[in-house]
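Engineer:
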Amino acid sequence: MAFESRGATTLTGLYRHPIVQAPMAGGPSCPALAAAVSEAGGLGSLAAGYKTPAAMYEEIKQLRARTAAPFGVNLFMPQPPATDPAAVEVYAEQLAGEAAWYGTPLGDTDRPCDDAYDAKLAILLDDPVPLVSFTFGCPAPAVVEALAGVGTVTVVTVTSVAEARAAHAAGADALCVQGTEAGGHQGTHHDDPHLDGTGAGVGLLTLLAEIGEAVDLPMIAAGGLMRGAQIAAVLAAGAVAAQLGTAFVPCPESGAHDLHKRALTDPEPVFTGTELTRAFSGRPARGLVNRFLREHGPYAPAAYPQVHYLTSGLRKAAAAAGDPQGMNLWAGQGHRLSRELPAARLVEVLAAELAAARGADRPPARGEGYGTAGHATAGQGGEQNRTTRGSES
Ligand SMILES: Cc1cc2nc3c(=O)[nH]c(=O)nc-3n(C[C@H](O)[C@H](O)[C@H](O)COP(=O)(O)O)c2cc1C
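In UniProt numbering, the protein residues as written are 1 to 393.
(1) Which residues in the same chain as G334 place their Cβ atom closer than 6 Å to its Cβ, once the five residues preceding and following it in sequence are excluded?
(2) What three-state label does DSSP hand Q306 in the structure shown?
(3) Can you find at least 3 beta carbon pairs, one from the stretch 202-221 and one from the stretch 178-191, that sit closer than 8 Å?
(4) Among E295, V215, R336, I231, whose alpha-carbon lies nearest the alpha-carbon of T246?
(5) Mind checking whether A142 and P53 have CB atoms under 7 Å apart?
(6) Determine the DSSP secondary structure at F134, reduced to helix, strand or coil.
(7) Between the Cα of T83 and the Cα atoms of Y299, S338, P31, D191, which residue gives the shortest distance?
(8) Counting C-beta neighbours from all protein chains within 10 Å, is the total for A65 16 or more, i.e. buried, or is it exposed?
(9) Only counting runs of 3 or more residues, tell me where the beta strand (DSSP E) segments fall wholly within the stretch 173-257, in order along the chain.
(10) Between which two residues does the beta strand (DSSP E) holding R291 run?
(11) Tell me the DSSP bridge mates of R286?
(12) Quick test of your reading: L310 and A92, contact by CB under 8 Å. State the CB separation rounded to the nearest angstrom.
(13) Helix, strand or coil, according to DSSP, for G103 in the structure here?
(14) Which runs of the beta strand (DSSP E) at least 3 residues long sit entirely within the stretch 60-120? Give them in chain order.
(15) Quick one: does the C-beta of M24 sit closer than 6 Å to a heavy atom of ligand 1?
(16) When you measure from the CB of A319 to every non-hydrogen atom of ligand 1, does any distance come out below 6 Å?
(17) Within 6 Å: the Cβ of Q178 and any heavy atom of ligand 1?
(18) What is the rounded straight-line gap between the Cα of R262 and the Cα of A34?
(19) Quick check on this structure: which residue in F136, R111, A146, G107 has the alpha carbon closest to the alpha carbon of I123?
(20) Among residues of its own chain, excluding the 5 on either side of G367, which ones have a beta-carbon nearer than 7 Å to its beta-carbon?
(21) Any contact of the stretch 34-44 with the stretch 58-72, i.e. 3+ C-beta pairs under 8 Å?
(22) Strictly by DSSP, which residues pair up with V155?
(23) From residue 407 to Q306, what does the alpha carbon distance come to, in whole angstroms?
(24) Considering Cα atoms alone, identify which of T12, D126, R16 is closest to A352.
(25) Is the beta carbon of L354 within less than 6 Å of some heavy atom of ligand 1?
(26) Could you tell me if the beta carbon of N328 falls within a distance shorter than 6 Å of some heavy atom in ligand 1?
(27) Quick check on DSSP: helix, strand or coil for L329?
(28) Roughly how many angstroms lie between the CA atoms of P324 and A279, to the nearest whole one?
(29) Taking 6 Å as the cut-off, is the CB of L46 close to at least one heavy atom of ligand 1?
(30) If you reduce the DSSP assignment to three classes, tell me which class A25 lands in.
(31) Going along the chain, which residues of its own chain have a beta-carbon closer than 6 Å to the beta-carbon of S338, five neighbours each way excluded?
(32) Nearest to P342 by CA position, among S254, G322, A200, G184, is which residue?
(33) Under 6 Å from any heavy atom of ligand 1, does the C-beta of L244 make it?
(34) Work out the CA separation of P23 and G183 for me, nearest whole Å.
(35) Taking 6 Å as the cut-off, is the beta-carbon of A164 closer than that to any non-hydrogen atom of ligand 1?
(36) For the alpha helix (DSSP H) containing L46, list its first residue and its last residue.
Have a look at this one:
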C-alpha cells in the first residue's frame, strides 16, 4: 500500500508552511504532535530511534488515523561496534555513585547497535510514507533508490560539507543541515572525538553557506530556530524549510516529560545554559546543563549507543523521582524563547512571524522611511509575540 500522493512527491510539495517539526526520539514527537503540525500545514515527523519496528509501525498507523496530511519518519543509521569497550567499563565505574543514589543498576551495554534498521526499512518499503530522514550516517544508494521507487522523499542529516557530499553521492533528495545550535544529538556521520569534539561544531548560517555552495540539493535548516524571523533568515541563506525541535517540546501534544517541558518554559529557569555532551548517550548531544551533564560530561567516552544503554535506567529513575538534575533535557541554544502553545497555533504564529519578517524585507517605498512604516511592521511583529505569549503561555 502506498500513500495517496505517490509519484508526485517532492520535499516542498509536502507542506504549506516551510516548517518541519523535528523527529524527536525518546517521546516528544508522538503521533498527536506530528498530526497537529501536519494538519496545520507544517510537516510533522515521527522518530523511529530506540523504538522496535512494531512500535514504529504502530505510531505510523496512529498518525494516519489522525490525519491524511503528509509526514516524515526518521531512522537512526546502524553504528559500528564499540571501538573501546574498556572506556565504557571505566565510565560504568564512574557512574556507580549514580546507580547507588537512584537505587537502580546500570544498563547492559551488550546490546545491538543497529537500532533494527533493516526491519524498520522493510516496513517503510512495504507500506511507504511520504518522507524518510536518516540520522547518524548516510544510507546506501540502493536504499535511497528503493525508497524513491515507492515514492518516498529521502533526507539525510548532515553537519559538514563532507557529509553533505556523501548524501548527494548516495542520491538523497534533500539535506537536513544541522548547526551546532541544535538541541538533541548532532547527526554527525561518524563520532570521532578527535575530529568532532563536543565544542567543535559549526553554526547554522555558516554551514548553510558552505554546503549551499558545495552541494546542489535542497536544504532544511535546523538548530536554534524559535521565531519566524529566524526562519526567514535561514530561507534567505538558501534553505527551503526550517526544522524546529526545541520549539515543539513544550506543546501540550508533545510526549516530552513534564519536567522537560517545565525546564524550558519556567519563567524563573533553574537551567539557563546548554552544552554538547556525551554524558547520557556517548554521542554529542545538546542539553540543558544540569548536575549529571556537569559532573559526567567532562570524561564521558565516545561510545554510542553503549553509553545510552548504560544510563537508560538512571534517566528513567531520575524522571520517576521528579529529579530533572539526572535527566537528559535536550534543548537547543534558543531554548529561552520557548512558548507553551498548542502545536497548530505554534505553526500558525511561526508562519505569521515569517510572513511579517519577509514583508519587512521589502525596500521602503517612497516616503516610507525605516523610522516610520518599517518600525511599524517590526512593532506589530513584537506586539504579536507579546500577545500570544501573554494569552496562551
Ligand atoms: C528532544 C529532542 C530529540 C531529538 N531527537 C532526534 C531524532 O530522533 N532524530 C533526529 O534526526 N534528530 C533529533 N533531534 C534533533 C532535531 O532533529 C533538530 O536537529 C534540532 O531539534 C534542531 O534544533 P532546535 O532543537 O534548537 O530546534 C532531537 C532534538 C530534540 C530537542
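Ideal Cβ positions, reconstructed from N, Cα and C, are used throughout, including at glycine.
Structural biologist: Walking through what the data contain:
(1) Residue mapping note: residue 334 aligns to position 334 of the sequence shown, counting from 1. Around G334: G224, M226.
(2) Stepping through the sequence shown from its first residue, residue 306 is reached at position 306. Assigned with DSSP and collapsed to three states, Q306 falls in helix.
(3) The answer is yes - the stretch 178-191 touches the stretch 202-221, with three or more Cβ pairs under 8 Å.
(4) Here residue 246 refers to the residue found at position 246 of the sequence shown. With distances taken between CA atoms, T246 lies nearest to R336 out of E295, V215, R336, I231.
(5) Reading the sequence shown from its first residue, position 142 is the one you call residue 142. Reading the sequence shown from its first residue, position 53 is the one you call residue 53. No.
(6) Residue mapping note: residue 134 aligns to position 134 of the sequence shown, counting from 1. It is a strand residue.
(7) Within the sequence shown, residue 83 is the residue found at index 83, counting from 1. Taking each of Y299, S338, P31, D191 in turn and checking the Cα distance to T83, the smallest one comes out for D191.
(8) For this step, residue 65 is matched to residue 65 along the sequence shown. Counting other Cβ atoms within 10 Å of its Cβ, A65 stays below 16 and is therefore classed as exposed.
(9) With a minimum length of 3 residues, the continuous beta strand (DSSP E) runs that stay inside the stretch 173-257 are 174-178, 219-222, 241-244.
(10) Your numbering for residue 291 matches position 291 in the sequence shown. In this chain, R291 is not harboured by any beta strand (DSSP E); it is covered by the alpha helix (DSSP H) spanning 291-296.
(11) Counted from its first residue, the sequence shown places residue 286 at position 286. Paired residues: G184, L276.
(12) Taking the first residue of the sequence shown as position 1, residue 310 is located at position 310. Taking the first residue of the sequence shown as position 1, residue 92 is located at position 92. 6 Å between Cβ atoms; contact.
(13) As a first step, residue 103 is located in the sequence shown; it is residue number 103 there, counting from the start. Residue state, collapsed to three classes: coil.
(14) Runs of the beta strand (DSSP E) inside the stretch 60-120: 71-76.
(15) For the purposes of this step, residue 24 is taken as the residue at position 24 of the sequence shown. Yes, since a heavy atom of ligand 1 falls inside the 6 Å radius drawn around the Cβ of M24.
(16) Your numbering for residue 319 matches position 319 in the sequence shown. Because no heavy atom of ligand 1 lies under 6 Å away, the Cβ of A319 does not count as near it: no.
(17) By 1-based counting over the sequence shown, the position of residue 178 is 178. Yes, Cβ of Q178 sits closer than 6 Å to a heavy atom of ligand 1.
(18) For the purposes of this step, residue 262 is taken as residue 262 along the sequence shown, with counting starting at 1. For the purposes of this step, residue 34 is taken as residue 34 along the sequence shown, with counting starting at 1. Going from the Cα of R262 to the Cα of A34 covers about 21 Å.
(19) Looking up residue 123 in the sequence shown gives position 123. Of F136, R111, A146, G107, the smallest CA-CA separation from I123 is found for A146.
(20) Position 367 of the sequence shown, counted from the start, is the residue given in the question as residue 367. Confidence at G367 is low in this model, with a pLDDT of 46, below 50, so the placement of that residue is unreliable and no value is reported for it.
(21) Three or more beta-carbon pairs drawn from the stretch 34-44 and the stretch 58-72 are found closer than 8 Å, and the two stretches are therefore classed as touching.
(22) As a working mapping, residue 155 is identified with position 155 in the sequence shown. Bridge partners of V155: S133, A174.
(23) The structure shown does not extend to residue 407, since the chain is modelled only from 1 to 393, so the question has no answer here.
(24) Against the sequence shown, residue 352 aligns to sequence position 352. When only C-alpha atoms are compared, the closest one is R16.
(25) As a position in the sequence shown, residue 354 is number 354, starting the count at 1. For L354, the shortest separation between its Cβ and any heavy atom of ligand 1 does not lie below 6 Å.
(26) As a working mapping, residue 328 is identified with position 328 in the sequence shown. Between ligand 1 and the CB of N328, the shortest heavy atom gap is not smaller than 6 Å.
(27) One-based indexing of the sequence shown puts residue 329 at position 329. Reduced to three states, the DSSP call for L329 is coil.
(28) The residue given as residue 324 occupies position 324 in the sequence shown. The residue given as residue 279 occupies position 279 in the sequence shown. Looking at the two C-alpha atoms, the distance is approximately 15 Å.
(29) Counting from one through the sequence shown, the residue named residue 46 turns up at place 46. It does not: the Cβ of L46 is nowhere closer than 6 Å to a heavy atom of ligand 1.
(30) Translated into positions along the sequence shown, residue 25 becomes position 25. Three-state result, A25: coil.
(31) Start at 1 with the first residue of the sequence shown, and residue 338 comes out as number 338. So the qualifying residues of the chain are P250, L264, T265.
(32) Reading the sequence shown from its first residue, position 342 is the one you call residue 342. Residue S254 is the option with its Cα nearest to P342.
(33) Here residue 244 refers to the residue found at position 244 of the sequence shown. Checking every heavy atom of ligand 1 against the Cβ of L244, one is found closer than 6 Å.
(34) Locating residue 183 in the sequence shown gives position 183, counting from the first residue. Locating residue 23 in the sequence shown gives position 23, counting from the first residue. Each residue's Cα considered, the two are about 11 Å apart.
(35) The count along the sequence shown starts at 1 and reaches residue 164 at position 164. Not under cutoff, so the answer is no.
(36) Translated into the one-based positions of the sequence shown, residue 46 becomes position 46. For L46, no alpha helix (DSSP H) run applies; the uninterrupted beta strand (DSSP E) run containing it begins and ends at 44-47, by DSSP.
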